[in-house]
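These notes concern the structure reproduced below.
Number of protein chains: 2
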Amino acid sequence: MKAFVTGAAGFIGSHLADRLLALGHEVTGFDNFSTGLPAFLEEASKNERFRLVEADLLDFPELARAMAGAQYVFHLAANANVRFGPDHPRKDLEQNTIAASNVLEAMRVTGAKRIIFASTGSVYGEPHIFPTPEDAPFPVQTSLYAASKLAAEGLISAYCAAYEFQAWIFRFVSILGERYTHGHVFDFYKQLRAHPGRLEVLGDGHQRKSYLYVQDCINAILVAIDQASGPVSILNLGTDEYCEVNDSIRWIAESLELSPRISYSGGKRGWVGDSPFIFLDCRRMQLLGWKPEVTIRDGILRTLDFLRRNEWVLEKRC
Amino acid sequence: MKAFVTGAAGFIGSHLADRLLALGHEVTGFDNFSTGLPAFLEEASKNERFRLVEADLLDFPELARAMAGAQYVFHLAANANVRFGPDHPRKDLEQNTIAASNVLEAMRVTGAKRIIFASTGSVYGEPHIFPTPEDAPFPVQTSLYAASKLAAEGLISAYCAAYEFQAWIFRFVSILGERYTHGHVFDFYKQLRAHPGRLEVLGDGHQRKSYLYVQDCINAILVAIDQASGPVSILNLGTDEYCEVNDSIRWIAESLELSPRISYSGGKRGWVGDSPFIFLDCRRMQLLGWKPEVTIRDGILRTLDFLRRNEWVLEKRC
Numbered sequence: 085m086k087a088f089v090t091g092a093a094g095f096i097g098s099h100l101a102d103r104l105l106a107l108g109h110e111v112t113g114f115d116n117f118s119t120g121l122p123a124f125l126e127e128a129s130k131n132e133r134f135r136l137v138e139a140d141l142l143d144f145p146e147l148a149r150a151m152a153g154a155q156y157v158f159h160l161a162a163n164a165n166v167r168f169g170p171d172h173p174r175k176d177l178e179q180n181t182i183a184a185s186n187v188l189e190a191m192r193v194t195g196a197k198r199i200i201f202a203s204t205g206s207v208y209g210e211p212h213i214f215p216t217p218e219d220a221p222f223p224v225q226t227s228l229y230a231a232s233k234l235a236a237e238g239l240i241s242a243y244c245a246a247y248e249f250q251a252w253i254f255r256f257v258s259i260l261g262e263r264y265t266h267g268h269v270f271d272f273y274k275q276l277r278a279h280p281g282r283l284e285v286l287g288d289g290h291q292r293k294s295y296l297y298v299q300d301c302i303n304a305i306l307v308a309i310d311q312a313s314g315p316v317s318i319l320n321l322g323t324d325e326y327c328e329v330n331d332s333i334r335w336i337a338e339s340l341e342l343s344p345r346i347s348y349s350g351g352k353r354g355w356v357g358d359s360p361f362i363f364l365d366c367r368r369m370q371l372l373g374w375k376p377e378v379t380i381r382d383g384i385l386r387t388l389d390f391l392r393r394n395e396w397v398l399e400k401r402c
Numbered sequence: 085m086k087a088f089v090t091g092a093a094g095f096i097g098s099h100l101a102d103r104l105l106a107l108g109h110e111v112t113g114f115d116n117f118s119t120g121l122p123a124f125l126e127e128a129s130k131n132e133r134f135r136l137v138e139a140d141l142l143d144f145p146e147l148a149r150a151m152a153g154a155q156y157v158f159h160l161a162a163n164a165n166v167r168f169g170p171d172h173p174r175k176d177l178e179q180n181t182i183a184a185s186n187v188l189e190a191m192r193v194t195g196a197k198r199i200i201f202a203s204t205g206s207v208y209g210e211p212h213i214f215p216t217p218e219d220a221p222f223p224v225q226t227s228l229y230a231a232s233k234l235a236a237e238g239l240i241s242a243y244c245a246a247y248e249f250q251a252w253i254f255r256f257v258s259i260l261g262e263r264y265t266h267g268h269v270f271d272f273y274k275q276l277r278a279h280p281g282r283l284e285v286l287g288d289g290h291q292r293k294s295y296l297y298v299q300d301c302i303n304a305i306l307v308a309i310d311q312a313s314g315p316v317s318i319l320n321l322g323t324d325e326y327c328e329v330n331d332s333i334r335w336i337a338e339s340l341e342l343s344p345r346i347s348y349s350g351g352k353r354g355w356v357g358d359s360p361f362i363f364l365d366c367r368r369m370q371l372l373g374w375k376p377e378v379t380i381r382d383g384i385l386r387t388l389d390f391l392r393r394n395e396w397v398l399e400k401r402c
């Protein structure tokens, strides 16, 4: 296939690019390097079937030029920082919703008809059904991030109806693994490296979360493209388990052989829009023949291990 | 109250402005007159508690200036033309989603905290539950219009979480009545005036639709503001009945004393994104103490009567 990957220098995007190349596909990576890192594309860049375009999704002419000839568009680029949404309320709209509109319009112009989209389990807001299925009760949005992703989902579905596009929309839990350079593992490791004796935790530590290992995530995407043939496939992506933030802290501290004093900011939520319990029903995806291979604990430890081996990334993020 | 009404020269906006003025409130109307008509504000303009600002919601500085001092923001302005969405896919995004973001940002800047938003039953896509409740299964979007409205709903809810706004989001069926200058009654009357012997109908005529009379709609909005005190109140707004397009044709033809030959374009849907069956569960709104007073048939006939008495509006719309 001729694949076009937005956010190609990002966490999931770079792993996806590597995998698509390994499978023999042609890949055009598109990234503005606002958070993506050139080092993540080091391997890909050695491959003659890989091409990198450094540009912004809000630059429509450049986007449409870069996309020409693509058959499958993997739209992974996003402002993925849920927590700081209220500090800059336009950012999610611009980088997630308007950028998605540009991707869709570029597809319409270039004739690409298949889109794979990284949405989020956060679109369920604070659900009342666990594990939460894709057809859960129509939720109320609780974060600007999720609202902007839901808006993109809606646009994509509407394009499928209007222009006969085909879409695979994945509602992810948090994805973990090598090259993951934000989120709680990153935050905790960075804190413990600066002061091994204490750890500050947002919320009460009892937030229950699901995490999925990045290679399991990419396996799922590839299975779904192959097996789900409807015009709009909406698929939860997570594991059959969840953990408490406190579990994760224990695993990380054990692995680092530390016993930090933990102070909690308190409250059920770590920040506005943080969902105290994320646990998705992934049977739809599993019925297509996929299952995750890495546990939450191992995903966390692999992420930690990556950070220990690549401390330079700690300097790249605040 | 000090009210700010976007789309004040439009169908629902102008009726709302009239009502708020009649109740003794101060009203600032905001309209770019892209589809609004000055004649609809003739009465309001005579009232010293009314002020009109002619500007575009995409002009943020002008919007924020106009909104200063407002307590309640009634955001009714929209591109309301579902049918032609695929002809200009950016229009819904700009006029419905980005415009809503501007309204919310202007509220943040000016300190207004309460927003009333005209959403649509179309956000349910093609539901499987009738009448459709607000917490229906998470739907898939089928039109750019509904996708853009859903995006605005999400933004509004996220602002309530992030900045302690209070919102009343109404998911309307089609609203009918005096000053309604598009939709099927308008289309049929215009056709029959040009050629009384024949009528062209989109779809198979069996589409089942709900309609609500505009004064019933405004009654509901005012009851909800008074009675629903949660941070985000999402409320369906429709009648306990529905009709077929063919019923409406019969009522219109009888009223005009015509017997046109009817030709159907065929198919269950009149256009891409047309929902073959719209029937909303409005118990949430009714539990607040509201009920509609005008039947669908009477709403259609009042709309028709308005058009017969105001044929000049036929020239204003294609």
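Residue numbers (our numbering), protein chains in the order written: chain P, 85 to 402; chain U, 85 to 402.
Cβ coordinates follow ideal geometry from the N, Cα and C atoms, glycine included.
Compare the C-beta of residue i with all C-beta atoms of chain U and state if any pair is closer than 8 angstroms.
{"i": "P/Ile362", "result": "no"}
{"i": "P/Thr204", "result": "no"}
{"i": "P/Thr194", "result": "no"}
{"i": "P/Ser185", "result": "yes"}
{"i": "P/Leu177", "result": "yes"}
With a CB to CB cut of under 8 angstroms and the five nearest residues on each side skipped, what residues in its chain are close to residue i?
{"i": "P/Asn180", "result": "Ala162, Asn163, Tyr229, Ser232, Lys233, Ala235 and Ala236"}
{"i": "P/Ala184", "result": "His159, Phe201, Ala235, Ala236, Leu239 and Ile240"}
Could you tell me if residue i is buried or exposed, where buried requires 16 or more neighbouring beta carbons within 10 angstroms of its beta carbon?
{"i": "U/Ala278", "result": "exposed"}
{"i": "P/Trp396", "result": "exposed"}
{"i": "P/Gly120", "result": "buried"}
{"i": "U/Leu391", "result": "buried"}
{"i": "P/Pro376", "result": "buried"}
{"i": "U/Ser459", "result": "Nothing about residue 459 of chain U can be reported from this structure: the residues present for chain U run from 85 to 402 only."}
{"i": "U/Gly351", "result": "exposed"}
{"i": "U/His159", "result": "buried"}
{"i": "P/His99", "result": "buried"}
{"i": "P/Glu218", "result": "buried"}
{"i": "P/Gly94", "result": "buried"}
{"i": "P/Phe168", "result": "exposed"}
{"i": "U/Ile213", "result": "exposed"}
{"i": "U/Asp115", "result": "buried"}
{"i": "U/His172", "result": "exposed"}
{"i": "U/Ala106", "result": "exposed"}
{"i": "P/Gln225", "result": "buried"}
{"i": "P/Ser118", "result": "exposed"}
I'd like the list of long-range same chain contacts for residue i, defined as Cβ closer than 6 angstroms, with 5 residues on each side in sequence excluded.
{"i": "P/Gly113", "result": "Val89, Ala92, Ala101 and Leu136"}
{"i": "P/Glu328", "result": "His290 and Arg292"}
{"i": "P/Tyr243", "result": "Leu188 and Phe249"}
{"i": "U/His109", "result": "Met85 and Ala87"}
Just list the residues that DSSP pairs residue i with in beta bridges.
{"i": "P/Thr119", "result": "Paired residue(s): none; P/Thr119 is not in a bridge."}
{"i": "P/Ile384", "result": "DSSP output for P/Ile384 lists no bridge partner at all."}
{"i": "P/His159", "result": "P/Thr90 and P/Phe201"}
{"i": "P/Phe134", "result": "P/Val111"}
{"i": "P/Lys293", "result": "P/Cys327"}
{"i": "P/Ile259", "result": "P/Leu296"}
{"i": "U/Tyr348", "result": "U/Val285"}
Would you mind telling me which residues of chain P sit closer than 8 angstroms to residue i, beta carbon to beta carbon, in chain order?
{"i": "U/Thr226", "result": "Ser241, Ala242 and Ala245"}
{"i": "U/Asp389", "result": "Result: empty, since nearest Cβ-Cβ is about 35 angstroms, beyond 8 angstroms."}
{"i": "U/Leu256", "result": "With the sequence shown as reference, residue 256 of chain U is identified as Phe, and Leu is not the correct amino acid for it. What U/Phe256 touches in chain P: nothing, since even the nearest Cβ is about 16 angstroms away."}
{"i": "U/Lys218", "result": "In the sequence as displayed, the identity of residue 218 of chain U is Glu instead of Lys. Under the 8 angstroms cutoff, chain P gives Phe222."}
{"i": "U/Ala231", "result": "Ala235, Gly238, Leu239, Ser241 and Ala242"}
Within the 8 angstroms Cβ cut-off, does residue i reach chain P?
{"i": "U/Gly108", "result": "no"}
{"i": "U/Ile199", "result": "no"}
{"i": "U/Arg316", "result": "The sequence as given places Val at residue 316 of chain U; Arg does not occur at that position. Yes, contact with chain P."}
{"i": "U/Gly267", "result": "no"}
{"i": "U/Leu319", "result": "no"}
{"i": "U/Thr323", "result": "no"}
Skipping 5 residues on each side, what residues in its chain have a beta carbon closer than 7 angstroms to that of residue i?
{"i": "P/Pro215", "result": "Phe363, Leu364 and Asp365"}
{"i": "U/Pro344", "result": "Leu276, Pro280, Gly281, Arg282, Leu283 and Ala337"}
Which residues of chain U have a Cβ atom closer than 8 angstroms to the Cβ of residue i, listed in chain order?
{"i": "P/Gly357", "result": "Ala242, Ala245 and Ala246"}
What does residue i reach in chain P if we use C-beta pairs closer than 9 angstroms?
{"i": "U/Pro173", "result": "Ser185, Leu188, Glu189, Arg192, Leu239, Ala242, Tyr243, Ala246 and Tyr247"}
Could you list which residues in chain U have their beta carbon closer than 9 angstroms to that of residue i, in chain order?
{"i": "P/Gly169", "result": "Ala242 and Ala246"}
Run down chain P in chain order and give the residues with a C-beta less than 7 angstroms from the C-beta of residue i.
{"i": "U/Thr181", "result": "Thr181 and Ala235"}
Would you please verify whether the beta carbon of residue i is less than 8 angstroms from any beta carbon of chain A?
{"i": "U/Tyr295", "result": "Absent from the structure is chain A; the protein chains it does hold are P and U."}
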